[in-house]
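Here is the structure we will look at.
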Amino acid sequence: MKTDTIIDGSEASLKNFLHTLPGVDQVGAQARAAMLGTRSVKNAAKAHAIDLAISMVDLTTLEGADTPGKVRALCTKGLRPDPTDSSVPRVGAICVYNDMVGVARQHLDAIGGHDLPIAAVTTAFPSGRASMPVKIQDTQDAIASGATEIDMVIDRGAFLAGRYGKVFDEIKIIKDICVERAHLKVILETGELVTYDNVRKASYIAMLAGADFIKTSTGKVSPAATAPVVLVMLEAVRDFYAMSGIKIGVKAAGGIRTTKDAIKQLVLVNETAGPQWLTPDLFRIGASALLNDLLMQRMKMRDGRYASPQYVTID
Amino acid sequence: MTNRIEVLKTYKLYINGQFPRSESGRVYEIKVGKDFIANPAQASRKDLRDAVTAARGAQSGWAGATAYNRGQILYRIAEMLEGRTSQFVEEISLLEKTTTAQAKAQVAQSIDRWVWYAGWADKIATTFGVTNPVAGPYYNFTVPEPMGVVGILAPEKPSLLGLVDCLAPVLVSGNTAILVASHSAPLTAITFAEVLATSDLPAGVCNILTGIKDELAPWMASHMDINAMDISGAAKKNHTALREAGADNLKRIFAFGEKVKTERMISFLEAKTIWHTVGI
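Here it is as C-alpha cells:
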C-alpha cells in the first residue's frame, strides 16, 4: 500500500494529514454541480448512458418488511431487468440486509446469476451504533452467507466528535475481514456530516483505511446523494489517485429516482474523475425505484412513444 | 391616470397545480386583426409528459375521495366560475368575435352545465351500477369505476362551453385529465385553470396545456400511460390516425357531438364485476 507514505497509521499522522486538506469552496461546488446538471445529453449518448446507468445500479431493498420472496424477485429482476428485452444489461449488484444474503445467493445461483455480486449492508446499518464485536460478527456473517460486497457505515458520532482515529480503525478492521473475499464500500452518510469539508475529510479517512468504494448515504437520511456531495467525493477519489495511484470507486445512493438524475450523476463522474471512472467497477448508483424509470426511458427510446409504469414490474 | 403602463399577463400552462412556462420556452402569438392580444405558452411533448405524470400521481387520490367530496369540490369550482364571469365574457367576445350577450349566454350555460355534471358525482354508482341476477349462492354486482388518466383535445369553439363539456364528465367519476385547450381562443382555458387553482381541486387532477393540437395529439394518443381520450376537438381528418396510434395500449378513444349526454360520463367508466358469496 502506497498509503503508508501518506500516513503512518497513528491518529496523530492521520489528523496532520487531514489538516493539510484544503477546505471545500461551498458556493463553487454547488455552482459547478448545478452547471453540470444543465448539460444536454442527446439521443445516441442518452441511449448509451441509460444502459451504462443500468449496469451501475446496485438494486437495493433495505426494508424491515423484506421477505425472501421479495428478495428473490429483486434478484430475478437484477439479472434480467426487462424480461421482454434481452439487450438490457444486468445491474451492478443486488444490495440487501445481512440475513437476506443467503436467500439472494441461493436464488441467483439457481437462475444463472453466479457472478452477479451481492452487497450486504453491515456494521449495524444504518446507524452504526453498536460495539465493534457486533460489527465484526455482522460482517463475517454476511461474507459467510455469500456476500461479495460489504457496505459498511462509519461511526458518524465518533467522526463528529473529532475521533478520526476511531473511524479509521473501524474501517481498517472491517477491511481486514473483507480482504481477498469481498469488496468494501464505506458509507459516509453525508446527510449527517453537515459540511462539505467533513465529506472531504471522511472520504480521505475511508480511502486511507482501505475502502474500495466510498458511498454517499444509507438512503435512510435526507439529504442523501446530492450533486455537490458526489462532486466533492469524486474530486477526493481523483486527487487520491494522483497521490497514491490507487483508484477508489464512488457509490451515489439515496434520492436518485429518475433517469435524468442518473444521467446527471454520470456527467459529474465524466467531468470530475474522468471517463475511466465510467464503469460499474468504479461508479455505482444505489437505488430501487430508479431501475424502473431507466427501463421506461429505454422503452421510450426504442418505441418512440412514452412508456407507462404498468409495463414494468412493481417492486 | 392616462400615462400608467399596464401590467401585462403572462399566460402559462397549468400542470400539477402550478403555472409553469413551457419547458421548451415557446409561445405563440394571438392577434385580433392587427392588435396583439397575448403570447400563450406553446406546450411541447415534454410538458405533456409532465402533465401525464402529475395526472397519474393524482388519480388514485381523486378516485379514492368519496363521491360526495368530489361533488362538493366540483360545485366549488362552479362558485369560482361565477365570480369570474366578467373576465370570461371579455375573453370570449374578444377571441370568438361574439357579441357580449352571446358571450354572457355561453358563460351562464357553461356554469349551469358544470353544476349539472357536479350533481352526478354521487349518483353514478347508483345509476350505472347493477346487481346482476345469477343462478347460484352468490351476489353479483357490477360497479362503475373511473378509467384513470384521460387526455382531452378541447374544441376550438365555443372555448369555455366546449371545455366544460369535455372536462366535467371526465372528472366527475374520478378520472384525472390532461386537456389541450382551444388553439385560437386559449385565454378562457387559462382563466379556467386559475379557477381550478383557487378551488379545492387537488393538484394534478386537471392539467391544462395550450399550444398546437396537431403537435401534441399524436404523443397523447401513443402515450402508454393515458387510458382514454376525448378527441372531440381534433380535426376530423386526424381521427383515424389518432385511433391507430392509441390502439397499441387499447386506449379508449371517443369523439362526441355537441349535445349533452350522460354518454360522455359513461364512456370514461370501467365496469368492475364482483362475485360475493351469500351467507358468509
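Residue numbers (my numbering), protein chains in the order written: chain A, 10 to 324; chain B, 4 to 283.
Note that beta-carbon positions come from the ideal geometry of N, C-alpha and C, so glycine has one too.
Short CB-CB distance (under 7 Å) between residue i and chain B
{"i": "Ala316 of chain A", "result": "yes"}
Exposure label - residue i; buried when at least 16 CB within 10 Å
{"i": "Ala104 of chain B", "result": "exposed"}
{"i": "Ile186 of chain A", "result": "buried"}
{"i": "Val175 of chain B", "result": "buried"}
{"i": "Arg73 of chain B", "result": "buried"}
{"i": "Asp37 of chain A", "result": "Note that residue 37 of chain A is Gly in the sequence shown, not Asp. Counting Cβ neighbours within 10 Å, Gly37 of chain A comes out exposed, since fewer than 16 surround it."}
{"i": "Asp164 of chain A", "result": "buried"}
{"i": "Lys275 of chain B", "result": "exposed"}
{"i": "Val92 of chain B", "result": "buried"}
{"i": "His226 of chain B", "result": "buried"}
{"i": "His57 of chain A", "result": "exposed"}
{"i": "Lys86 of chain A", "result": "buried"}
{"i": "Trp117 of chain B", "result": "buried"}
{"i": "Leu169 of chain A", "result": "exposed"}
{"i": "Asp38 of chain B", "result": "exposed"}
{"i": "Pro149 of chain B", "result": "buried"}
{"i": "Arg138 of chain A", "result": "exposed"}
{"i": "Pro289 of chain A", "result": "buried"}
{"i": "Met10 of chain A", "result": "Caution is warranted here: a pLDDT of 48 is assigned to Met10 of chain A, below 50, making its placement in the model unreliable, and no coordinate value can be reported."}
{"i": "Arg293 of chain A", "result": "buried"}
{"i": "Gln35 of chain A", "result": "exposed"}
{"i": "Ala248 of chain B", "result": "buried"}
{"i": "Gln21 of chain B", "result": "exposed"}
{"i": "Leu190 of chain B", "result": "buried"}
{"i": "Pro92 of chain A", "result": "exposed"}
{"i": "Gly111 of chain A", "result": "buried"}
Closest by C-alpha distance to residue i, when choosing among the options
{"i": "Asp221 of chain A", "options": "A:Arg209, A:Thr204 and A:Ala191", "result": "A:Ala191"}
{"i": "Gly282 of chain B", "options": "B:Ala44, B:Tyr141 and B:Ser25", "result": "B:Tyr141"}
{"i": "Lys269 of chain A", "options": "A:Val50, A:Ile159 and A:Thr12", "result": "A:Val50"}
{"i": "Ile155 of chain B", "options": "B:Ala184, B:Lys239, B:Thr243 and B:Ala68", "result": "B:Ala184"}
{"i": "Ile183 of chain A", "options": "A:Val143, A:Tyr173, A:Gly200 and A:Arg41", "result": "A:Val143"}
{"i": "Ser270 of chain B", "options": "B:Leu190, B:Glu247, B:Val173 and B:Arg246", "result": "B:Val173"}
{"i": "Gln306 of chain A", "options": "A:Arg48, A:Ala53, A:Met44 and A:Glu20", "result": "A:Ala53"}
{"i": "Pro90 of chain A", "options": "A:Thr281, A:Met65, A:Glu72 and A:Leu71", "result": "A:Met65"}
{"i": "Gln45 of chain B", "options": "B:Arg29, B:Lys37, B:Ile33 and B:Ala57", "result": "B:Arg29"}
{"i": "Leu117 of chain A", "options": "A:Arg138, A:Met141 and A:Ala82", "result": "A:Ala82"}
{"i": "Leu1 of chain B", "options": "B:Val35, B:Ala188 and B:Tyr31", "result": "Within the shown structure, residues of chain B are numbered from 4 to 283, placing residue 1 of chain B beyond reach of any answer."}
{"i": "Gly207 of chain B", "options": "B:Val153, B:Met232 and B:Pro147", "result": "B:Val153"}
{"i": "Gly151 of chain B", "options": "B:Thr265, B:Val55 and B:Phe39", "result": "B:Val55"}
{"i": "Leu45 of chain A", "options": "A:Arg314, A:Gln274, A:Thr322 and A:Ala282", "result": "A:Gln274"}
{"i": "Pro98 of chain A", "options": "A:Arg114, A:Gly122 and A:Ala245", "result": "A:Gly122"}
{"i": "Thr131 of chain A", "options": "A:Leu291, A:Thr157, A:Ile120 and A:Gln115", "result": "A:Thr157"}
{"i": "Ala245 of chain A", "options": "A:Asn25, A:Gln115, A:Leu30 and A:Ser154", "result": "A:Leu30"}
{"i": "Arg266 of chain A", "options": "A:Arg247, A:Phe177 and A:Leu304", "result": "A:Leu304"}
{"i": "Leu193 of chain A", "options": "A:Gly219, A:Glu179 and A:Gly174", "result": "A:Gly219"}
{"i": "Ile76 of chain B", "options": "B:Pro136, B:Glu99, B:Cys209 and B:Phe144", "result": "B:Cys209"}
{"i": "Ala296 of chain A", "options": "A:Leu287, A:Val321, A:Gly264 and A:Leu277", "result": "A:Gly264"}
{"i": "Leu23 of chain A", "options": "A:Met216, A:Leu287 and A:Lys309", "result": "A:Met216"}
{"i": "Thr199 of chain A", "options": "A:Arg172, A:Asp312, A:Arg114 and A:Lys229", "result": "A:Lys229"}
{"i": "Pro221 of chain B", "options": "A:Ser253, A:Gly313 and A:Val195", "result": "A:Gly313"}
{"i": "Asn301 of chain A", "options": "A:Asp60, A:Ala282, A:Leu277 and A:Thr322", "result": "A:Thr322"}
Residue-chain proximity (residue i, chain A), Cβ-Cβ < 7 Å
{"i": "Arg52 of chain B", "result": "yes"}
Closer than 6 Å: residue i CB and nearest the ligand MN heavy atom
{"i": "Thr265 of chain B", "result": "Absence of the ligand MN from the depicted structure is noted, as is the absence of any ligand whatsoever, leaving it without description."}
Residues in the stretch 226-241 of chain B with C-beta within 7 Å of chain A's C-beta atoms, listed in sequence order? Those would be His226, Met227 and Asp228, in chain order.
Taking a cut of 9 Å between CB atoms, which residues from the stretch 45-70 of chain B lie near chain A? Closer than 9 Å at the C-beta level to chain A, one finds these residues of the stretch 45-70 of chain B: Arg48, Leu51, Arg52, Val55 and Arg59.
When the Cβ atoms of the stretch 84-95 of chain B are set against those of the stretch 181-200 of chain B, are three or more pairs found closer than 8 Å? Remark: three or more beta-carbon pairs, one from each stretch, lie closer than 8 Å, so the stretch 84-95 of chain B and the stretch 181-200 of chain B are flagged as touching.
Say whether the stretch 91-107 of chain A touches the stretch 117-133 of chain A, bearing in mind that this needs 3 or more beta-carbon pairs closer than 8 Å, one atom from each stretch. Because the criterion of three Cβ pairs below 8 Å is met, the stretch 91-107 of chain A and the stretch 117-133 of chain A touch.
Chain A contacts from the stretch 101-125 of chain B (Cβ-Cβ distance under 7 Å): Taking a C-beta cut-off of 7 Å against chain A, none of the residues of the stretch 101-125 of chain B qualify.
Meets three-Cβ-pair contact criterion under 8 Å: the stretch 215-234 of chain B and the stretch 243-253 of chain B: Touching, yes.
Select from the stretch 195-213 of chain A all residues with a C-beta closer than 8 Å to any C-beta belonging to chain B, and list them in chain order. So the list is empty, because no residue satisfies the distance condition.
Just by C-beta distance, which residues in the stretch 211-224 of chain B are closer than 8 Å to chain A? Across the stretch 211-224 of chain B, CB contacts with chain A closer than 8 Å involve Trp222, in sequence order along the chain.
Is the number of C-beta pairs between the stretch 234-249 of chain A and the stretch 62-78 of chain A that are closer than 8 Å three or more? Segment contact: the stretch 234-249 of chain A against the stretch 62-78 of chain A, fewer than three CB-CB distances shorter than 8 Å; contact not assigned.
Pair every Cβ in the stretch 208-225 of chain A with every Cβ in the stretch 244-263 of chain A, then say whether three or more of these pairs are closer than 8 Å. Yes: the two stretches touch, three or more of their Cβ pairs being nearer than 8 Å.
Give me the subset of the stretch 245-269 of chain A whose CB atoms are less than 9 Å from a CB atom of chain B, sorted by chain position. Residues are counted here when their Cβ sits less than 9 Å from a Cβ of chain B; for the stretch 245-269 of chain A the count is zero.
For the 8 Å Cβ check, are there 3 or more pairs between the stretch 208-220 of chain A and the stretch 142-157 of chain A? Counting C-beta pairs closer than 8 Å gives fewer than three between the stretch 208-220 of chain A and the stretch 142-157 of chain A, which falls short of the contact rule.
Evaluate the contact criterion for the stretch 72-80 of chain A versus the stretch 26-42 of chain A: three or more CB pairs, one atom per stretch, below 8 Å. The stretch 72-80 of chain A, when compared against the stretch 26-42 of chain A, does not touch it at the 8 Å Cβ threshold.
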